Every structure is written in structure tokens, then in C-alpha cells.
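Chains as they are written, first to last, in my numbering: chain Y, 3 to 113; chain C, 32 to 214; chain S, 2 to 264. Think of the CB as a built atom: it goes at the ideal place given N, C-alpha and C, for glycine as much as any other residue. In this text the structure is predicted, and so the values were computed from the model without any measurement.
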Amino acid sequence: MTTKELIDKLGLEPLSKFEHREVNGVFISDMLSDVMTGAQTGNLWLTIQTQKHIVPAANLVDVAAILVTGGKEVPQDTIDLASRFNIAILSSKLPTFELVGKLYALGLGGK
Amino acid sequence: MADCRHRWDMTDTRFGFVVFEKCYHCNTIRTFFSTEETPVLWDKYREGDCFWSRVEVAQSFQFDLKCADCAHIEKFGDLMGFLFCTSCMDDCEVEKLQKKHEKDRTWVLVAFGHFPEVKKNPIPQRKLDILTDYFNQRRDTSRSRVKIVSFELIKDLPRCKGVFIHDVGMLSEEPPKERKPVF
Amino acid sequence: MRTIKEALDATVIEGEDVLDSAVDHVYASDLMSDVLAFGKPDSILLTGLATQQAVISAHMAEFKGIVFVRGKTIKDGSRKFAKDHRLILMSTELDMYDACVRVEAVRTGGGNHPPETVHEDRSADVLLQHEYSIEGSDFGSAGMLSTEVKSMLKTIGFDPKLVRRVGISTYEGEMNVVMHAKRAKVFLTITPALIEVVIDDEGKGIPDVNLAMEKGFSTATEEQRAMGFGAGMGLPNIKHNTDEMELTSEVGKGTKLKMRFYI
């Protein structure tokens, strides 16, 4: 499944400028230390964190996209930084738990 | 062992806090890693001429790297964290490197050791290269790469506005907001 | 909770004897501010943040229990807190995503459990006044005062929704003192008509109160932001939970937060 398909199927809102890529697995955490130790390249990273340091964290692990859940507003400087690094920031109004159900239904497994 | 092209995995991951302390008398910073639960912030105490006070506590982790092939372990207990350059000084070596590598989709991150030890014993380039290897092994390098560099490249540390990649404000009941750097 | 324990192959850290309680909602988050603002009572929290404040926050939000994911676990101090407040704590090796998937599976597959009903005597004639102290920077005790206030209100028999609102507001106010002030006196007054909590602190004060009330705005100085805790002061959340709220402040002297809850 690609980021484009995910966006279409789940009605996600793309916030940054990026190239679409393949998504494999989902990683959920709001703690950067957990992301750096546990996330895998190509994961869809769900979080409610929106500070700009999610971008270098995402970069370090090379996630496929950051999905900000719960309708949290993402500040423009985070978006701009992500665009600079070709990192996808997507947004959904749904809370994390609800999104899990939908992602699972689409066939996405854990990391 | 020397012939092994190591394939690294994180091992012995420890979760805890990085504590930043500052002496307002001589304006020096010191840091350490602790697994203590709720370190007291703004705890002031005196040591000789120095008046230390805790200025930041961040959720972080420590790890070692182990080669999946030859089982060699490289310890990284001296690593305090990674800093991301926010391009605050045009003539800083880190910013220059960052700009140069950006074109090839190589992202630069600065590795810090603990203060004050790191000033006398900086993390050797060999270990920085291992870190670079590790993070590159974790990704598809045809798409992008990572490069870990030493904090010694920072032009003016007290003026550096770089941001550490760790969690601050997780213990706060308010949503974490933008925070200014420690130095 | 027992079904969840089995679904997640979890180890019980605390609360083995109350595993048969039902939960209505599931909340997955590592940010306690979100838990406090949006968590519903009688929920279960799935989190990777295994700290004392996570336990206290879950208690304040009136969750039934917490499951720590990725094999995380907590220290003894927090265990005791959980035990004293009948909060279930569990740990699972599973990742957050897998844990959520499994919980969702048992939720939709399982039957509907009726929520527990609590019958309490309400005595409207109680007139009570208590005075407390909070020390700034004392993170080890942060949250204890609001916990005590909450327990007392619960014992007296106030409406659970009211108790929850008072608990959350007092907790937010208490954390503000711990993070931003030197010390504070807290006055709790209960009349037949209302519960009043006044937090009167000694500290740097707030220059512009109106600005401070804006969601997410922080009046922390540059230096404090560098300290990592200048994240806003929970005032909008307090306002949301109180019936009347008055905030006065004098720079260099301190801040007084007056909160009223109609009974």
C-alpha cells in the first residue's frame, strides 16, 4: 500500500510536500525514544505530537509518513521542515484507536 | 573480527532521562543519564564555587550496538543524544555540512556526549561512523541517507539553537510546545 | 479488563483482584495532557509512558486501568499509588499497534458490560474548610494534593462527575505551582451550594492574564522555555472544568487562582 492509497482510502489530509512511497507496517508512539528504538523504515508513524522535532526523528528512522491523529493542528514550521526533508505529514481527525481499526481492515500489520 | 562488515542491531536498550544542569556562576552545563523516576527540577545545590540547578529533564534512552554476524558489541553509554541543526549560524560547520549534503538527500545529525566529559574525550570518529552505519542499515539508502557528525563542529556552542531529538514535557499536563535550546 | 489482559497476554502489575471490572472506552496515547483533556471516565489507557505522572493522570481522568505497551513497567512508588487508588496496571510485550488491534477485536467481539453504578449518600449540610501547602519544584509529590482532595470529596459523596471536574482542575492548578511557583497555599471550602478551591502562590506571577488564558499560550520566560516546561499552563482546561474561575496575578509576587464548582 502506498501513501497515496492510504490518503485516498482513509480520507487523510496531506500537509507537507513529499514523494509517495510504499508503507509497510504501523508504529504508534508519542515518545521519540520509542520511535528511535522501535520504528522501522517504511512504517506509518501515528502520533499526536506536532513539534518540529518529530521531523528529524522521522528522518532518522526513515518512516514512510507521519500521521498526526485526533485532528491536532500541525504548526507551519513543522510542515515546512518536513517538506524540506521530503517527509510526509498526514492528518486525520480520528483518534488513534479508531484509525487502528481502519488500518487493520486495510491489511496493514504492525511494524 | 576486523574483517567483519558489521550488521548492527540495538541491544541493551535502557529508557530513562537525560538531565541537564547548569551552573549560573560559571555558566557551564553538565548532563547525565538517569533512570530515576521523577527527578526534581530546579533542584539547586552547591558544589565548591558552583551553583548547580537543573534546567531540563528529557525522556530519552541509551543503547549499545551489537553485530548480528560476529556478536561484537560497541558500547554507546557515552552518547547523550542527537541534535538537529536549525540553521541558526550560516558559518557553522554543521550548517555548512547540512546544506552540502541536503542535495544528495543525506541528512546530518549531531551526536553529543555527556558534559563535561565529552569536551576532554569527544566521541571518536570511529564510533560516529558506526552510528552512521547503523542508521543507514536501517533504511533504504537509495532513497536517503543519514550522517552522524561530532558536536565539535558546532561553531559557537552557547549560541547554538539546535534541537535535541528527545522528549521534553511528557510529564507536563500540558501539550508540549516549541522549546528553546538549552545552551 | 480480564478479557483485555488475556487478549494482550499481559502481566498484571497491580489490581489482580479487580480485573473483572468493565471498561467503556479505550484511549491510546503517551501525552498526558491529552489524557486529561479528552479521556473519558472508566476508560483504559494504552501507553508507552511508564512514569508516575502517567499513573496519576490516568487516576485523575478516572480511568479504570493502564496497560503499558512494549514491555514497559513502572517503579514501586507508582505501584503503591495505583494500589491505593484501585487503578489496574498491566504490561504487555506487544507494540501499541498490535495491542490496539487486539483490544479492538475483543471489544467488538465481546458483549456489552453494564457500567458499575455507585450509590452514595449525599449530605448537603456539610460545611468544610481545609488548608494545604504545595512546594514548588517538588515533582515527587506533585499530584498528591489533588488526589487527597478528590478522595475526600468522593468519600463525602459528591456526584462523581463533579468530583472528577474538581480533581482535574485542582491537579492542573497544583502542577502549575510545582512547575512555575515557589510555593502555594491551597484553600478548600465546601458550602451547601458549592465547592471552592483557591490556590494562592508565591512566584513570578503572570504579566498578562488574558493572554495566558489562550489555549496553549505560555507566559514562561525564554529561560523557562529552555528549561523545557514552558508548555502552557492548563488554564483553558481548568476553565472548561470549573463553573466560575478567577485568575489574578502580580508580577514578582504571585498568582491567585480561584475555582468554584456548583453542587
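The Cβ of valine 149 (chain C) sits no closer than 8 Å to any Cβ of chain Y. Pairing threonine 98 (chain Y) with threonine 80 (chain Y) gives a Cβ-Cβ distance that is not under 8 Å. Residue environment analysis places glutamate 175 (chain S) among the buried positions, since at least 16 neighbouring C-beta atoms fall within 10 angstroms of its C-beta.
Considering only beta carbons, the part of the segment 22-50 of chain S lying closer than 9 Å to chain Y consists of His26, Val27, Tyr28, Ala29, Ser30, Asp31, Leu32, Asp35, Phe39, Leu47, Thr48, Gly49 and Leu50, in chain order. Following the DSSP letters along the chain, one finds phenylalanine 46 (chain C) inside the beta strand (DSSP E) bounded by residues 39-54. Here glutamate 24 (chain Y) really is in contact with alanine 66 (chain Y); their C-beta atoms are around 7 Å apart, less than 8 Å. Its Cα nearest to that of valine 107 (chain S), the residue S:Met2 stands out among S:Met2, S:Asp202, S:Lys240 and S:Glu245. For the C-beta of glycine 40 (chain Y), the chain S residues within less than 8 Å are, from N- to C-terminus, Arg71 and Asp96. Apart from the 5 residues on each side of it in sequence, lysine 240 (chain S) sits with its Cβ closer than 6 Å to the Cβ of Met246 in its chain, given in chain order.
In the assembly as shown, phenylalanine 63 (chain C) is an exposed residue. Its beta-carbon has fewer than 16 other beta-carbons within 10 Å. The distance from the Cβ of phenylalanine 92 (chain C) to that of threonine 44 (chain C) is about 6 Å, consistent with a contact at the 8 Å cut-off.
Judged by their CB atoms, valine 104 (chain S) and isoleucine 5 (chain S) are nearer to each other than the 8 Å cut-off. For cysteine 81 (chain C), the beta-bridge partners assigned by DSSP are C:Glu78. When secondary structure is reduced to three states using DSSP, proline 97 (chain Y) falls in the coil class, being assigned neither helix nor strand. For isoleucine 68 (chain Y), no CB of chain S lies under 8 Å from its own CB, so it is not counted at the interface with that chain. In the three-state reduction of the DSSP assignment, methionine 33 (chain Y) falls in the coil class. Excluding the 5 residues flanking it on each side, tryptophan 83 (chain C) has same chain C-beta neighbours closer than 6 Å at Glu52, Cys54 and Tyr76, in chain order. Every beta strand (DSSP E) stretch that sits fully inside the segment 130-184 of chain C and reaches 3 residues is listed by chain position as 137-144 and 176-181. The C-beta of glutamate 7 (chain S) comes no closer than 8 Å to any C-beta of chain Y.
By the 16-neighbour rule on beta-carbons within 10 angstroms, cysteine 35 (chain C) is exposed. At a cut-off of 8 Å between C-beta atoms, serine 31 (chain Y) counts as an interface residue with respect to chain S. Just so you know, the alpha carbons of histidine 55 (chain Y) and lysine 127 (chain C) end up roughly 20 Å apart. With a contact defined as Cβ atoms closer than 8 Å, valine 63 (chain Y) and valine 102 (chain Y) miss out at about 20 Å.
For threonine 190 (chain S), the enclosing beta strand (DSSP E) has its first and last residue at 182-191. Under the Cβ criterion (8 Å, minimum of three pairs), the segment 169-185 of chain S counts as touching the segment 133-151 of chain S. DSSP, reduced to helix, strand and coil, places aspartate 18 (chain S) within a helical segment of the structure shown. Shown here, proline 16 (chain Y) sits in a strand according to DSSP, grouped into three states. For histidine 103 (chain C), the secondary structure class from DSSP, reduced to helix, strand or coil, is coil. When rounded, the separation of the alpha-carbon atoms in histidine 132 (chain C) and serine 85 (chain Y) is 16 Å. One finds Phe99, Val102, Gly103 and Tyr106 in chain Y with Cβ atoms closer than 8 Å to the Cβ of glutamate 105 (chain S), taken in chain order.
Secondary structure at isoleucine 264 (chain S): coil, using DSSP grouped into helix, strand and coil. For methionine 153 (chain S), there is no enclosing beta strand (DSSP E); the enclosing alpha helix (DSSP H) has its first and last residue at 145-157. Annotated three-state conformation of leucine 88 (chain S) is coil, per DSSP.
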